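For any residue, its number in the working numbering is found by taking its place in the sequence shown, counting from 1, and adding 438.
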Amino acid sequence: MTASPSRMRELVETARTSGFSRTGKGLDLETGQLFVVIPYLPEPSPVKSWMCLIAAIPHAMELEAGEKPRYDFARLDIAERDFNSLSPAKAKMRDQLVHWLAWDAYQGRRRE
Numbered sequence: 439m440t441a442s443p444s445r446m447r448e449l450v451e452t453a454r455t456s457g458f459s460r461t462g463k464g465l466d467l468e469t470g471q472l473f474v475v476i477p478y479l480p481e482p483s484p485v486k487s488w489m490c491l492i493a494a495i496p497h498a499m500e501l502e503a504g505e506k507p508r509y510d511f512a513r514l515d516i517a518e519r520d521f522n523s524l525s526p527a528k529a530k531m532r533d534q535l536v537h538w539l540a541w542d543a544y545q546g547r548r549r550e
């Protein structure tokens, strides 16, 4: 799932005013151009929602040759009705994000 900056601001505000425990703390809503929403666990209360990991991508998947990808992460609870209204991520975007994360994990292990 993906969200635009304006939609992510709405989701963060909804989480804060709804009493959710995960409110996107540390999420940079000013520099993020694209937000990828990765659900990891449903939650039944206070309302049906999803616990999600948010990847904030400041360059919106557009990189120059040799440029290192940048992203930050935060956790956010998203109400089921809001979650269902999000746009699905395209396969190309999903595959690219997995590639970047796998490469970062590999590079981290090489430094140990």
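Virtual Cβ for every residue (Gly too), placed ideally from N, Cα, C. For clarity, every value in this text was computed on a predicted model and none was experimentally measured.
C-alpha distance - residue i paired with residue j, whole-angstrom precision
i           : j           : result
residue 531 : residue 474 : 9 Å
residue 485 : residue 461 : 15 Å
residue 510 : residue 494 : 5 Å
residue 540 : residue 491 : 17 Å
residue 523 : residue 536 : 23 Å
residue 439 : residue 527 : 5 Å
residue 457 : residue 512 : 17 Å
residue 488 : residue 506 : 30 Å
residue 455 : residue 538 : 34 Å
residue 471 : residue 441 : 9 Å
Opposing strand residues paired with residue i [DSSP bridges]
i           : result
residue 488 : 480, 516
residue 511 : 493
residue 525 : 440
residue 472 : 495
residue 461 : 514
First and last residue of the uninterrupted alpha helix (DSSP H) at residue i
i           : result
residue 439 : No alpha helix (DSSP H) holds residue 439; DSSP gives it neither H nor E.
CB contact check: residue i to chain D, cutoff 8 Å
i           : result
residue 489 : The question asks about chain D, but that chain is absent: this structure has only one protein chain.
Is it the case that the segment 536-546 contacts the segment 476-489, given that we only count it when at least three CB pairs across the two stretches are under 8 Å? Proximity of the segment 476-489 to the segment 536-546 falls short of the contact definition, fewer than three beta-carbon pairs being nearer than 8 Å.
If contact is defined by three or more beta carbon pairs under 8 Å, each pair taking one atom from either stretch, is the segment 495-507 in contact with the segment 442-456? no
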